[in-house]
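Residue numbers (our numbering): 54 to 417. Virtual Cβ for every residue (Gly too), placed ideally from N, Cα, C.
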Ligand SMILES: [Zn+2]
């Protein structure tokens with residue numbers, strides 16, 4: 054072989070091996086959790102909507118959702134596994150059951166100077182979003198979790214749960230007299246207390262706190278804005294980041310519909326979540342450097358599609374009013390998406406996500 058072409062061949066082999074061993078890393082990562090969203094919840098959305106954005110994903114798989122101590126997880130342990138790469142006992146958030154904190158993908162991302170965002174339809178101190186930015190022994194420590202959110206330096210957060218930030222005297226439930234909303238400006242946030250004002254926020258604002266309800270957001274069917282609208286506001290802000298961003302989006306109330314065994318509620322929360330999935334997948338398709346991963350922390354209600362017709366009408370049945378151990382779906386699109394195919398343990402999904410942020414991350 055000619056000497057020059059031999060060198061070219063060797064270089065090609067070396068670069069091919071490097072490529073094969075190092076997954077392509079995305080600039081941006083969007084983690085979407087449908088709380089309680091088992092396979093049949095996604096089925097209701099896909100069967101009812103021929104244009105469902107769930108059809109756009111290039112890769113799919115399943116997640117085993119167990120916690121450290123139970124076959125059937127709660128949202129605190131489920132989200133902790135997905136966001137920190139460790140299983141913990143039910144009830145603990147971002148820490149083991151003695152309170153020793155795990156490092157979450159948020160901290161890895163902030164070390165790499167990514168911008169960060171959270172968009173949820175529950176209170177911002179609820180277990181799933183809390184697992185991103187807080188470490189507490191018990192998910193019930195929501196005042197402590199609120200303190201940790203303000204201190205977390207998340208660039209944009211949108212959701213409900215204002216009562217955990219305000220003292221009793223001014224429509225809150227804090228007994229310590231602290232008004233955490235006053236702390237927001239000290240930490241550089243522009244604060245918005247309803248959707249109408251948040252919508253007018255400028256994407257040039259560096260830090261945005263949208264705590265737009267006293268409690269959770271209204272049901273999707275009772276809002277004139279969608280989780281997709283909220284997600285778009287966050288993306289408009291975060292996409293300016295030169296270093297990339299990570300964002301958590303949660304369809305929080307899919308789980309509540311499952312607990313209540315309410316079919317209409319489940320279907321409309323899935324439609325709402327799908328609107329956010331569409332916003333994210335459209336962004337990723339255009340951007341071409343964003344990983345979108347959609348999964349659930351667990352299934353809720355043991356839901357099945359019992360009857361229906363091809364026009365999309367359906368009757369749902371529930372076997373339970375709590376969570377189940379059913380495996381949940383995992384959908385991914387974008388650079389690194391192939392890492393999330395097949396059957397994975399929930400904590401392994403967390404580890405793979407974190408390694409896309411920092412390949413040097415080590416796990417015990
Ligand atoms: Zn639940």
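Please tell me whether residue i and residue j are closer than 8 Å, where the distance is taken between their beta carbons.
i           : j           : result
residue 150 : residue 123 : no
residue 270 : residue 174 : yes
residue 52  : residue 302 : It is not possible to answer for residue 52, since the shown part of the chain is limited to 54 through 417.
residue 357 : residue 337 : no
residue 138 : residue 349 : no
residue 155 : residue 188 : yes
residue 159 : residue 264 : no
residue 208 : residue 260 : yes
residue 163 : residue 200 : no
residue 272 : residue 321 : yes
residue 380 : residue 97  : no
residue 134 : residue 180 : no
residue 416 : residue 404 : yes
residue 288 : residue 347 : no
residue 240 : residue 286 : no
How long is the line joining the alpha carbons of residue i and residue j, rounded to whole angstroms?
i           : j           : result
residue 290 : residue 282 : 13 Å
residue 143 : residue 376 : 12 Å
residue 83  : residue 299 : 6 Å
residue 93  : residue 359 : 11 Å
residue 126 : residue 185 : 17 Å
residue 382 : residue 395 : 10 Å
residue 161 : residue 413 : 10 Å
residue 81  : residue 294 : 9 Å
residue 363 : residue 197 : 49 Å
residue 280 : residue 308 : 15 Å
residue 352 : residue 216 : 28 Å
residue 335 : residue 219 : 37 Å
residue 102 : residue 365 : 8 Å
residue 193 : residue 411 : 31 Å
residue 402 : residue 116 : 8 Å
residue 400 : residue 275 : 35 Å
residue 148 : residue 210 : 22 Å
residue 109 : residue 343 : 14 Å
residue 243 : residue 297 : 21 Å
residue 384 : residue 114 : 7 Å
residue 390 : residue 226 : 42 Å
residue 107 : residue 95  : 8 Å
Starting from the Cα of residue i, find the closest Cα among the options and give me that residue.
i           : options            : result
residue 388 : 85, 365, 341       : 341
residue 224 : 266, 397, 384, 172 : 266
residue 221 : 232, 303, 131, 339 : 232
residue 361 : 85, 318, 87, 100   : 100
residue 213 : 107, 187, 182, 102 : 182
residue 128 : 87, 167, 201, 384  : 87
residue 398 : 97, 119, 79        : 119
residue 262 : 171, 278, 96, 297  : 171
residue 277 : 285, 258, 249, 244 : 249
residue 78  : 407, 168, 305      : 407
residue 315 : 354, 85, 297       : 354
residue 374 : 268, 312, 319      : 312
residue 268 : 317, 246, 319      : 246
residue 104 : 306, 121, 324      : 324
Opposite residue i in the DSSP bridges: which residues?
i           : result
residue 398 : 117
residue 170 : 209, 300
residue 382 : 115
residue 227 : 220
residue 376 : 353
residue 154 : 148
For ligand 2, is there a heavy atom less than 7 Å away from the beta-carbon of residue i?
i           : result
residue 312 : Absent from the structure shown: ligand 2. Ligands present: ligand 1.
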